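Residue numbers (our numbering): 913 to 1437.
Positions of the beta carbon are idealized from the N, C-alpha and C atoms, including for glycine.
Remember, predicted model here, so these are calculated numbers, not experimental data.
Input: a single structure, listed below in structure tokens.
If you want it as structure tokens, here you go:
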């Protein structure tokens, strides 16, 4: 059964499938397969895997374990939720091509519950139906159109410059010699500064020698919110008011919205001041939203808060893993370095047009996201029609868990799946032709794909290219192995440390210096 056909005529195809499997008293006549026919672990078994066997913080690996036991599709119960797990590129494609006009990622009861409790507006992550489509249609152009995305290049490059200066300062003032501890933490500050400079047209002080306390608290709140999310959703909504985790969850969201609200108010005051003094109002993303009058201030606040959350972890975690992997693969690093300096020799700062001439840079980022997808799994709720997936008929409102991590490590799609091979993604190679289009989809698919994808990619390209112009990446002599853990998103389980030494004196002769960024043995599982 072709999923693409099902997308355009699900009811008629379902009818044909039902007729083909129509039951009769005759022995040997098969019946329609439904959710009830799917195997999978019980709720108690799932709890055993999560909390006794220790998979709560490595649910990405649990995807692989359960696929090996139950096959590419199985059902499970997670608290009050009944979930259909899909761990095959073909089956994921079938689900996504039947997602309907208004795709729903998941009901997100805990995120939506907070907004109902505090009377907050939903944003692009939590809104659904026609209301979601309206919000996306307003937010999309300046996030996804290349002409608008490229206009953020100078803004992001300013943050990159400040980040490199901060790394130099940390090396010079630290007590570890040329070591800068917790690379991921520093990149998290960079990513927060970068996304705020684009969304809110404001700098937050993350690149200062002393980071403002309020900024540090916001970064902590983001991490806490993602950590608490899978705990809260384990319990039915009726129990939430009695859970310490729910109270902490609400407090973190309160702070996130408070910071976003302050930034929006500040921008509104700046605009009003320009208007009052007859100055031309200038600005980019937030200014455009406020002046376009397409959304209320409450709607803008809800959307900007959710965009801010989505824009931090992708950049920080992906660049952390990229440097970690490049440290272990000097030949790959050298090839990437040569591409960067060929396009941007000497002191030339890369621009968005320069990035278009760096296919290997893009391949390195894409391969990093295959090995360490920031979102190791996604979800879809079929809300418009019953659909067929893998020969099973599922009623609308079925929740599908898309196991992207398991699929991106599937040897049948990616030979030698645990090895860092950026060349998989270069055009003209046979392996490129063989890859399944749904084998690695780190930014999602279709109209509900990641809204900030192009901005995040530009930010990562600019940062990684300039880091490699300044530093050589080498393994930490301690050889610490860093593995991924899941806190809703995939992130390093331990800090990745940094060794720093400028390579600038050697750029003219094409030479490079020894140790810079330190990390342990590369592993993706």
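For residue 1403, three-class secondary structure by DSSP: In the structure shown, residue 1403 sits in a strand (DSSP, three-state: E or B).
Measuring only between beta-carbons, confirm whether residue 1367 sits less than 9 Å from chain C. Looking at the structure shown, chain C is missing, and only one protein chain is on hand.
Excluding the 5 residues flanking residue 1024 on each side, which residues of the same chain have their C-beta closer than 6 Å to its C-beta? If we look at residue 1024 and ignore the five residues flanking it on each side, its Cβ neighbours are 1038.
What separation, rounded to the nearest whole angstrom, lies between the Cα atoms of residue 1371 and residue 1364? Distance from the CA atom of residue 1371 to the CA atom of residue 1364, rounded to whole angstroms, is 11 Å.
DSSP three-state assignment for residue 1321, whether helix, strand or coil: Reduced to three states, the DSSP call for residue 1321 is coil.
Could you compute how far the alpha carbon of residue 1332 sits from the alpha carbon of residue 1205? Rounded to whole angstroms, residue 1332 to residue 1205 spans 47 Å at the Cα level.
Suppose you measure from the CA of residue 935 to the CA of residue 945; what does that come to, to the nearest Å? Confidence is the limiting factor: at residue 935 the pLDDT is only 46, short of 50, which leaves the residue's position unreliable, though a coordinate-based value still follows. When rounded, the distance between both Cα atoms is 11 Å.
Backbone CA spacing between residue 1139 and residue 1405 [nearest angstrom]: Between residue 1139 and residue 1405, the C-alpha separation is close to 13 Å.
Mapping DSSP to helix, strand and coil, what is residue 939? Note that residue 939 scores 44 on pLDDT, short of 50, meaning its location in the model is unreliable and no value can be drawn from it.
Cβ-Cβ distance between residue 1276 and residue 1238 below 9 Å: In this structure, residue 1238 lies closer than 9 Å to residue 1276 by Cβ.
Find the nearest neighbour of residue 1368 within the set 1076, 1226, 1078 and 1116, judged by alpha-carbon distance. Checking every option, the nearest Cα to that of residue 1368 belongs to 1226.
Buried or exposed, going by whether 16 or more other CB atoms sit within 10 Å of the CB of residue 1351? Under the 10 Å beta carbon count, residue 1351 is surrounded by 16 or more other beta carbons and is classified as buried.
Which residues in the same chain as residue 947 place their Cβ atom closer than 8 Å to its Cβ, once the five residues preceding and following it in sequence are excluded? Only residues of its own chain outside the window of five on either side were considered, and among them 987, 994, 996, 1304, 1306, 1307 and 1310 have a CB closer than 8 Å to the CB of residue 947, listed in chain order.
Within the region 1275-1355, note down every full alpha helix (DSSP H) run reaching 4 residues or more, in order along the chain. Taking only runs of at least 4 residues, the alpha helix (DSSP H) segments lying wholly in the region 1275-1355 are 1316-1320 and 1342-1346.
With a threshold of 8 Å, are at least 3 pairs of Cβ atoms found where one atom belongs to the region 1026-1046 and the other to the region 1070-1086? As far as the Cβ criterion goes, the region 1026-1046 does not touch the region 1070-1086, which means the pair count is below three.
Grab me the residues of residue 1397's own chain with a C-beta within less than 7 Å of its C-beta, minus the 5 sequence neighbours each way, in chain order. Excluding residues within five positions, the ones whose Cβ falls inside 7 Å are 969, 970, 1403 and 1405.
Would you tell me roughly how many angstroms separate the C-alpha atoms of residue 1177 and residue 1096, rounded to the nearest one? Going from the Cα of residue 1177 to the Cα of residue 1096 covers about 31 Å.
Would you identify the three-state DSSP class for residue 1096, choosing helix, strand or coil? Look at residue 1096 here: in three-state DSSP terms it is helix.
Measure the C-alpha to C-alpha separation of residue 1050 and residue 1231 and round it to an integer number of angstroms. Each residue's Cα considered, the two are about 30 Å apart.
Which residues in the same chain as residue 1136 place their Cβ atom closer than 7 Å to its Cβ, once the five residues preceding and following it in sequence are excluded? Only 1160 and 1164 meet the Cβ criterion.
When DSSP labels each residue in this structure, what does residue 1123 get in the three-state scheme? In the structure shown, residue 1123 sits in coil (DSSP, three-state: anything other than H, G, I, E or B).
Is residue 1260 buried or exposed, if buried means 16 or more other CB atoms sit within 10 Å of its CB? Residue environment: residue 1260 is assigned as exposed (fewer than 16 neighbouring CB atoms within 10 Å of its CB, all protein chains considered).
How would you call residue 1194, buried or exposed, if buried means at least 16 neighbouring beta carbons within 10 angstroms? Burial call: exposed.
Along the beta strand (DSSP E) that carries residue 987, what are the first and last residues, could you check? Taken as a continuous stretch (DSSP letters only), the beta strand (DSSP E) holding residue 987 covers 985-990.
Counterpart residues of residue 993 in DSSP-defined beta bridges: Paired residue(s): 990.
Quick check: what's the CA-CA separation for residue 954 versus residue 1200? If you take the alpha carbons of residue 954 and residue 1200, they lie about 50 Å apart.
Round the Cβ separation of residue 1017 and residue 1290 to the nearest angstrom and send it over; I've been treating them as touching at under 8 Å. Contact flag correct, Cβ pair sits at about 7 Å.
Selected residue, minimal CA-CA separation from residue 1106, among 1386, 1348 and 1070: Among 1386, 1348 and 1070, the Cα nearest to that of residue 1106 is on 1070.
Determine the closest residue to residue 1174 out of 1141, 1152 and 1130, with distance taken between C-alpha atoms. Between residue 1174 and the set 1141, 1152 and 1130, the nearest pair of CA atoms involves 1130.
Looking at the unbroken alpha helix (DSSP H) that takes in residue 1257, where does it start and where does it end? Where residue 1257 is concerned, there is no enclosing alpha helix (DSSP H), given that its DSSP letter is neither H nor E.
If you follow the alpha helix (DSSP H) that residue 1001 is in, where does it begin and where does it stop? Per DSSP, residue 1001 belongs to the alpha helix (DSSP H) from 1001-1008.
State whether the region 1309-1323 contacts the region 998-1012, with contact taken as three or more CB pairs (one from each stretch) at a distance under 8 Å. In this structure the region 1309-1323 touches the region 998-1012; the number of beta carbon pairs closer than 8 Å is three or more.
Inspect the beta-carbon positions of residue 1014 and residue 1296 and report whether they are closer than 9 Å. Yes, the Cβ-Cβ distance between residue 1014 and residue 1296 is below 9 Å.
Quick one: grab the DSSP three-state call for residue 1142. In the structure shown, residue 1142 adopts helical secondary structure according to DSSP, grouped into three states.
Residue 1122 burial status per 10 Å Cβ neighbour count (16 or more: buried): Within 10 angstroms of the beta-carbon of residue 1122 lie fewer than 16 other beta-carbons, which makes it exposed.
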